[in-house]
Structures are given as C-alpha cells and as structure tokens.
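K.L.:
This is the structure I have questions about; it appears just below.
Rendered as structure tokens:
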C-alpha cells in the first residue's frame, strides 16, 4: 500500500520541527530514513503513522487521508514501533504481542485460533518464542525491543514503521531483524543510525534540520559529499572483497583515515588477498599481525 506525505510539517509551539515534507513510498518498498540526531526522523515517523497530528499538510494511505478515519482503521493499515514505548510490567511477552491483534477484535470478533496462530508466528519470526511466558520486568532492553517488533508484526498492517529497530540489540539479532524486515511482503519505513545497515534499503531519505534533503538509491544518497555536509564526518566506501558490496568507514572531519586498520579489519583473513594492498599499493605487504585481532 502506498504511503504519501503532502507538504507535511509539525511545529512545537512556534518552533518548526519538520517542514515541507513531500514523499511517496511505494507498495512493498523498504524505505530507509537517515540523518543526524535532531534532524526530525522520529517526528516524521510519528506523523506518517498518524500518532501525531500535523500542523500542516496531510498523510495518505492509498487514497485515504489518515486524519479522516478512526484510530482503529489507521491501526489496521499502519503498525509502528516507536523509540519510547511503555508496557505494563505485569504483562507477559505473549500478552504484549497479543495486543497487536487489538485493531481486529470486537464484540463480535473475539480473540480466536487464527489470532493465536498469528501471534505464534510473530514470536517465532522475532526469535522470542522461548520468552513467551516471561514477565515484562524480567526482560533486557533488546528482548523488549524484539517483543515490540513482534507485536507490530502481529498487527498484520499493510505498512510497518520502525524507529531505530536495531537499538539495544546484539549483532546477531540486529542482522536477524534486518533480514526479517527485508523479506516482509509489505511496505516498510525504517529509521536507522547505522549507514551501512541503511545500504540494504530500496531507497533512502536523508533528513537534516527538519527537512528531507534528498531521496534516492542508497549509493546516490550516501555519497562522501552528502555525508560530510549532513553528518560533519569524512567517509570512504571500501569494497567488501567477498561480496563486492560497499562498506562505509568514517573519520571526524580533519582527521586522516587509518587505511591499514580499516582494510585489515574488514578482510585480512590469511588468504591470498589483503585489501590494504588496494589502498597502499600492489607492492605493499599485508598487515598480518592484525588477523587475529582488530
């Protein structure tokens, strides 16, 4: 389902936080939102989800203005995992995920076997089936994050909005959640701080100072010039010797890159090729002492 913003903006009092956002996200697209802290990413996601009413402009789901339908109708179309979410300590993980079915329940449609199957699938997809009977207060931050994502999956909406879903997660679960998001057959909008993780998106939107500065393919958005302009850091794209995919490395503006450390960290595994030689010259010797460490 298409998600569209028309001249969208929101102000806190007289202070504009997000301004003049025009954006169309296509059905089935994985759209990433990147930008520095305070650039307006979270506010934009709240506006797109309908949880925050815009000061001006509108958000359309398909051909429907979300301000003209009920919260329940919005929730059947859009699920969101925001940064700050509260859940009662008395609830179990399963009960938390079951809350995702709320928009579909009513006096004539109580929780049934189909709902239970959807909840079980969401628990399995996020790798928390073994935590189903655990109380909320016993969970780590990463476990809570996965439970919230499972709740959103159980909602079975056409559009999923995720605000920094890999926060608090170890590397295994970061990769698992990103892989899950990529294979979902729905529209997904995700805010990410890790620009290398953002490279897997179909398209990216780059935000700065409350405005959408650019929209396009990751390789066209995450250029060295744009990254320096928006994030105030220098960047280099280094090809992964195994896959050929670009890997972004960063340094503070004005600092030199440690090319040996960067390249050896990525690819010096004791075989025939050392990426250091690509950066320092064909005759350079690999930094073999780094292979067993950083």
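In full-length UniProt numbering, the protein residues as written are 1 to 294.
C-beta: ideal position from N, C-alpha, C; glycine also.
1) Of all the alpha helix (DSSP H) runs that stay within the bounds of the stretch 17-91, which reach a length of 4 or more residues?
2) Please classify residue 72: is it buried, with 16 or more other beta-carbons within 10 angstroms of its beta-carbon, or exposed?
3) Between the Cα of residue 46 and the Cα atoms of 97, 59, 96, which residue gives the shortest distance?
4) To the nearest angstrom, how far is the alpha carbon of residue 201 from that of residue 239?
5) What do you get for residue 113, buried or exposed, if any count of 16 or more other CB atoms within 10 angstroms of its CB means buried?
6) Relative to the C-alpha of residue 41, which candidate in 233, 9, 65, 172 has its C-alpha closest?
7) Which residue wins for smallest C-alpha separation from residue 15, given the options 249, 209, 158?
8) Where do the ends of the beta strand (DSSP E) carrying residue 6 lie?
9) Alpha carbon to alpha carbon, how far is residue 122 from residue 94?
10) Using 8 angstroms as the threshold, is the C-beta distance between residue 189 and residue 48 below it?
11) In this structure, how does DSSP classify residue 120 when only helix, strand and coil are distinguished?
12) Are the beta-carbon atoms of residue 235 and residue 224 separated by less than 8 angstroms?
13) For residue 161, report the span of its alpha helix (DSSP H) as first-last.
14) Would you kindly report the start and end of the unbroken beta strand (DSSP E) that includes residue 249?
15) Given residue 217, which residues of its chain have a CB within under 7 angstroms of its CB, disregarding the five upstream and five downstream residues?
16) Roughly how many angstroms lie between the CA atoms of residue 237 and residue 249, to the nearest whole one?
17) Quick check: the Cα distance between residue 252 and residue 244, rounded to an integer number of angstroms?
P.N.:
On the basis of the data shown:
1) 41-49, 71-77
2) exposed
3) 59
4) 18 angstroms
5) exposed
6) 9
7) 209
8) 3-12
9) 10 angstroms
10) yes
11) helix
12) yes
13) Unbroken run through residue 161 is the beta strand (DSSP E), 159-163; no alpha helix (DSSP H).
14) 246-252
15) 203
16) 6 angstroms
17) 25 angstroms
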